[in-house]
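Before any comments, here is the structure.
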Amino acid sequence: MSPLLHPDRLFPADPSARAVARRLYGEVEALPIVSPHGHTDPRWYARNAPFPDPAKLFVVPDHYVFRMLYSQGIPLEKLGVPRSDGGETEQDGRAIWRLFAANYHLFRGTPTRLWLDHAFATLFGLGERLCAENADVTYDLIAGKLEQDAFRPRALFERFNIEVIATTESPLDDLAAHAEIRDSGWSGRVVTAYRPDPVVDPEFEGFSANLARFGELTGEDTFSWSGYLEAHRRRRAFFKTYGATSTDHGHPTAATFDLPREEAQALFRRVTGNAPVSAGDAELFRGQMLTEMARMSLEDGLVMQIHPGAVRNHNGQVFARYGRDKGADIPSPTEYVRALKPLLDRFGNAPELTLILFTLDETTYARELAPLAGHYPALRLGPAWWFHDSPEGMKRFRAMTTETAGFYNTVGFNDDTRAFPSIPARHDVARRIDCGFLAELVTEHRLDEDEAVEVARDLAYGLAKKAYRL
Amino acid sequence: MSPLLHPDRLFPADPSARAVARRLYGEVEALPIVSPHGHTDPRWYARNAPFPDPAKLFVVPDHYVFRMLYSQGIPLEKLGVPRSDGGETEQDGRAIWRLFAANYHLFRGTPTRLWLDHAFATLFGLGERLCAENADVTYDLIAGKLEQDAFRPRALFERFNIEVIATTESPLDDLAAHAEIRDSGWSGRVVTAYRPDPVVDPEFEGFSANLARFGELTGEDTFSWSGYLEAHRRRRAFFKTYGATSTDHGHPTAATFDLPREEAQALFRRVTGNAPVSAGDAELFRGQMLTEMARMSLEDGLVMQIHPGAVRNHNGQVFARYGRDKGADIPSPTEYVRALKPLLDRFGNAPELTLILFTLDETTYARELAPLAGHYPALRLGPAWWFHDSPEGMKRFRAMTTETAGFYNTVGFNDDTRAFPSIPARHDVARRIDCGFLAELVTEHRLDEDEAVEVARDLAYGLAKKAYRL
Amino acid sequence: MSPLLHPDRLFPADPSARAVARRLYGEVEALPIVSPHGHTDPRWYARNAPFPDPAKLFVVPDHYVFRMLYSQGIPLEKLGVPRSDGGETEQDGRAIWRLFAANYHLFRGTPTRLWLDHAFATLFGLGERLCAENADVTYDLIAGKLEQDAFRPRALFERFNIEVIATTESPLDDLAAHAEIRDSGWSGRVVTAYRPDPVVDPEFEGFSANLARFGELTGEDTFSWSGYLEAHRRRRAFFKTYGATSTDHGHPTAATFDLPREEAQALFRRVTGNAPVSAGDAELFRGQMLTEMARMSLEDGLVMQIHPGAVRNHNGQVFARYGRDKGADIPSPTEYVRALKPLLDRFGNAPELTLILFTLDETTYARELAPLAGHYPALRLGPAWWFHDSPEGMKRFRAMTTETAGFYNTVGFNDDTRAFPSIPARHDVARRIDCGFLAELVTEHRLDEDEAVEVARDLAYGLAKKAYRL
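From first to last, the protein sequence lines stand for chains A, B and C.
To get this note's numbering, take the position in the first sequence, counting from 1, and add 1130.
To get this note's numbering, take the position in the second sequence, counting from 1, and add 1130.
To get this note's numbering, take the position in the third sequence, counting from 1, and add 1130.
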């Protein structure tokens, strides 16, 4: 065991609680990974090409990493982040790695540090903390391993003990990479998920062109309300042939609406017309589409996920210079009780529907989300998300939802990542924190240990399979 | 001691803190129960009839229980919850009990589980966890005991060591059950509390008919502003003759207003007129009435309680099919600082007034409620309420209010329940959690143990008596 | 060591975490105090007169103390708080002290208790808890010491091991006390800070007269937009000659604006004109001025601090009778993500700017502030503020900000106090809590102990010096 990975890491400090946590973790440590929601690139599994150098694997694409470095005044160019205008950025992986290593102390106390140390230790055998002094040695060590076949995507997938992983695609995606995977005969189970934001959000870049392409792909008249809805039905069916069991919706708010057909049709005409779409209409349309998607889910069985509450691209200068997803998405207060009412009034009592709610606003855990999920048959709570997918964030999630919603209205863990080497680390953190939480309940005699074992296995494995129908 | 009830349950895991908690709990464990706010049925104490079968005692009337079962897809009909249209529901207590027992795992980690296990163990001597396999045996055991005299309401009241319990009645209630109790010569102290929502909230079902009845009961012209206020004064005085020491107000928000007399009168005419009442006027009238009630409290000494922030009957289908109080009330964000200002500007500096604030929005504990209660002489903080009346909820309440408001601006515990057998369990949980909280302060040398003993006794007993003038 | 001060106070209860906390604290205990933000009176250091009696040192001027006593019904007059109308108040220090001592139990569980006990024990050698019985003895003891030279401000300053302390002055202050200090040849380092609210907030009492005085002091036409801005530049430069390294802004909200020059000029004319200033214009002007101040900070290097979110003078009666700062300022919900965007769009990417954010709304720690500070180079997070400057408040600050913002986007501790004798206690509490937090990370193997030592020293000393450029 590398000194970077203490066997008791993340367990409660109290010796009796720690002993229980160890036993519970022993029951779940080796369970396969079920990853029902994430953003890895299906081409990795399709083509099985080696990953590039250490910097391009760990620094350049990981917004958790470069946002922290940027916040301390390090220009993104020096970290190799590509510029929208094609301007010059650092291309030398070793130079980027040195800068990263010299600033590794910035990640103290963050989950990024835990994920990185886990990957460094378990995949590359690092025995000491990354720092300026060992930057070159570690770079060479990792770069060398990345060239080996055992470090290609499929080998890692198997080594990670992934039972199934979901990627996320737009309805406009042809799922060619998924077809390649299927046709390759490889046994790894990679499924897609239906993320229709580009054709559901009138404020999405290129919405109108997206609709046109949506029509070409489906053969439907996607500029008529009924043809547009039918196109969704067809495309969802197509996604199901590539294993999809879920849809995902990344809206600014959790607003839903349930308009009469005529009003919905008129709204559709407005958002697809030539006049600029008002902010109110855009919100109304996104909200109406959540209810439409719920209706389709009752027909075709796809599980719905709502991921609301991010103010995207908050930093105007960064957006202009480097584009989307550069660490400048910031959470904001999110309301659920009134927002979800129209959809819930229509479909909330249907046990056949599964609607999984996420939040970036932790104040809603105990106040809104747990009371809603502890009542409506259709609702489940997704795990602690994004900035909150961390030891303290996960503890707060359990502490603030369990007493009202219980464990069985939650759905296990999502890694939600495009950082492939971090997947085992993320699941491991979740398992350790959940076992620690359960161990504290056992130690305080709020739960018996035999029950805690059952719950631990459900949180680590069973609930995700069941909720996502995998 | 039943294995369901470990003597150290809910105490901190750390051995030194646990040892202190045990000592503190030893000082308060046997104190009588003061229950200044709750919803038990006074007819139980008046008539002293046996409780019906186990399902009708523990499942059918308890919205904490059936909301969780419902959230997992179990129809309320199968749980015996009556339908508004008189439609068929399960009547067989044993069938309901089996369904409940088979799903007992859903309550893992919830306070419901703690309350139920406490009642099962202390009242009925259950020695093992409820489950599908022992459903019949436990049903028979409990049903058998419920037939015994020792399990009738008065016997249980005495066994529970209840010094005083408050029920809650509408001004339209004739307090006949309270009269029966008084006339019976039984020594149990049961007092009423004045809950005027049906004649204060213009949006309450039957508001106008309620006002008419209010007039009949008081002999006042309740359709004139002065007569209406006088009717309140009379009815409050009548409630006081049945032991009332408090009023209670369950409003959607904490809004208060302090209108000039002419404006208040004009508002009263609008909300009692023939035209539909606007949402704004309804809110204004409820808020004005809180200030009027405070004024009357200064005259007659009744303590005020405000319970704001629930969105009632959120689930339209459940409300239509089963009516109110079916687990579909959901908390929402609640603001206090601006909302209470009009009332506080008028009466907040009066030490003779006691106004007890509750919340379903925990974000207000440290931000608004503790700063307000730590300044205004009239304000006190009610305990963690409803969904937050749980181990973690109570810990958050103390952790987030004590540093700014201290212990002496809080009022001890409320069980706030209609689930009679859960009352000792609820007080026991509160006493254990408070002792644990104090034990941690002692262990971290923030408080001396002799002080902690005093505080523990105040939190368990003294503060409730003092704040509620019981 | 006085029994009032256990050497392990505030450390985690768990023995292994406590052992680590002790070691970490051993590394920082003796570090000098850097106090970059506070409200002590520079005349104390200038004149070095003895402090008056115990009541006038500990009770009369400390709103934490008298707000709690007032909340329990003790009139402010009895505590010697001066009335605006010059009406009678208690003048006898001993009488005030007795009342305070008899109610010392009200402070159980509050930080005030910790601060007071620390000062009583370390400065005056008290060996037992203050109470009614020892009120006279302690009064005499403290009063006696206050007459000694060793208890004058400069002697205490040196005894407290203060390396540098900042006071806060209005641009209208002539900094005469600071000049006296400098001219006295005393080696203590006391610097000023630029707090321009009286000439930046159109709703500040006497705004127009303040502007006129601002013009006299600077020789600029402060009723023209360009002259007004130039006056700020000159006055900031003047403050810098007295050591200022920072500005401070106490606004009702965090709103910022970045208007085109013409609009800003027109706005300035409106807020300085004869017509009453609308609430909207006042907010707009304060927000515009934050952006102007950021622009000047980029020119002259002063660090900016924003302290938003207090509803000042909530209690109308108390304000009328006793004036400002009488414990009646109440926090309210505060939004940052949209509010700061205009300023951040303009200057947020400048690593040369340091903008330190504070909050009274803890819900923003994890949701808004940590994500913002973990991205924008210009942003840093100030420590837990005001009501949250307490053991639990500090723990919540670290637990909710570290995982997203890390330690290095925070700025160490502020005591933010006018209670001079509490300064060592406040820094000691912060050091202990931070060491405890780090110790838990070490014990849970999330951080190595050698790193924790480095971080502990940075939190106690290094970060404040660096962030405030001291």
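Note that the Cβ used here is the ideal one computed from N, Cα and C, for glycine as well.
Predicted model, so just to flag it, every value in this text is computed and none were measured.
- Look at the region 1470–1497 of chain A: the residues with a C-beta under 9 Å from a C-beta of chain C are Leu1490, Asp1491, Glu1492, Thr1493.
- Taking alanine 1480(C) as the centre and dropping the five residues before and after it, the same chain places the C-beta of Leu1428, Pro1507, Ala1508 closer than 8 Å to its C-beta, in chain order.
- Counting only Cβ-Cβ distances below 7 Å, aspartate 1279(A) has no contacts in chain B at all, with the closest Cβ about 45 Å away.
- Excluding the 5 residues flanking it on each side, phenylalanine 1369(C) has same chain C-beta neighbours closer than 6 Å at Thr1322, Tyr1324, in chain order.
- The beta carbon of phenylalanine 1250(A) sits no closer than 7 Å to any beta carbon of chain C.
- In the same chain as phenylalanine 1567(A), and ignoring 5 residues on each side of it, the C-beta atoms closer than 6 Å to its own belong to Arg1528, in chain order.
- At a cut-off of 7 Å between beta carbons, threonine 1532(C) contacts chain A.
- For alanine 1458(C), the secondary structure class from DSSP, reduced to helix, strand or coil, is coil.
- Scanning its chain for C-beta atoms nearer than 8 Å, with the 5 sequence neighbours on each side dropped, one finds around threonine 1352(B) the residues Val1329, Leu1341, Ala1342, Phe1344, Gly1345, Tyr1358, Ala1361, in chain order.
- When only Cα atoms are considered, alanine 1296(B) and glutamate 1422(C) end up about 60 Å apart.
- Cysteine 1565(A) is classed as buried because its beta carbon has at least 16 other beta carbons within 10 Å across all chains shown.
- Residues are counted here when their Cβ sits less than 8 Å from a Cβ of chain A; for the region 1577–1590 of chain C these are Leu1577, Asp1578, Glu1581, Glu1584, Val1585, given in chain order.
- Sequence-ordered contacts of the region 1511–1538 of chain B with chain C read Arg1528, Ala1529, Met1530, Thr1532, Glu1533, Thr1534, Ala1535, Gly1536, Phe1537, Tyr1538 [C-beta pairs closer than 9 Å].
- Exposure of serine 1356(C) is indicated by the presence of fewer than 16 other C-beta atoms within 10 angstroms of its C-beta.
- Counted as a single uninterrupted DSSP element, the beta strand (DSSP E) harbouring histidine 1379(B) occupies residues 1376–1379.
- Judged by DSSP in its simplified three-state form, leucine 1485(A) adopts strand.
- Under the three-state reduction of DSSP output, threonine 1402(A) falls in the helix class.
- Around the C-beta of alanine 1280(B), fewer than 16 other C-beta atoms lie within 10 Å, and the residue is accordingly described as exposed.
- Tyrosine 1538(B) sits in coil when the DSSP states are folded into three classes, being neither helix nor strand.
- By the 16-neighbour rule on beta-carbons within 10 angstroms, arginine 1148(A) is buried.
- Judged by beta-carbon spacing, leucine 1209(B) lies within the 7 Å limit of valine 1189(B), meaning their Cβ atoms are closer than that value.
- Leucine 1341(B) is outside the set of residues whose beta carbon lies under 7 Å from a beta carbon in chain A.
- Counting of Cβ neighbours within 10 angstroms places arginine 1238(A) among the buried residues, the total reaching 16 or more.
- At least 7 Å separates the beta-carbon of tyrosine 1598(A) from that of serine 1300(A).
- Under the Cβ distance rule, leucine 1502(C) counts among the residues neighbouring chain A, one pair being separated by less than 7 Å.
- Proximity of arginine 1153(A) to chain C, defined by a Cβ-Cβ separation below 7 Å, is not satisfied.
- Bridge pairing for tyrosine 1324(B): Glu1299(B), Thr1377(B) [DSSP].
- By the rule that beta-carbons nearer than 7 Å mark a contact, glutamate 1574(C) touches chain A.
- The beta carbon of aspartate 1558(A) sits no closer than 7 Å to any beta carbon of chain B.
- Under the three-state reduction of DSSP output, arginine 1528(A) falls in the helix class.
- Cβ-Cβ distances below 6 Å link aspartate 1183(C) to Gly1223, Ala1273 in the same chain, with the five nearest sequence neighbours on each side left out; the list follows chain order.
- Closest option to threonine 1371(B), judged by alpha-carbon separation, among Leu1432(B), Ser1338(B), Lys1275(B), Gly1457(B): Leu1432(B).
- By the beta-carbon neighbour count (other beta carbons within 10 angstroms, threshold 16), serine 1408(A) is exposed.
- The DSSP assignment places 1327–1330, 1337–1348 as complete runs of the alpha helix (DSSP H) inside the region 1324–1358 of chain B, in order along the chain (cut-off: 4 residues).
- Among the residues facing chain A, arginine 1197(B) is included, as its CB has a counterpart in that chain under 7 Å away.
- Listed in chain order, the non-local C-beta contacts of phenylalanine 1230(C) below 6 Å within the same chain comprise Val1189, local neighbours out to five positions each way being set aside.
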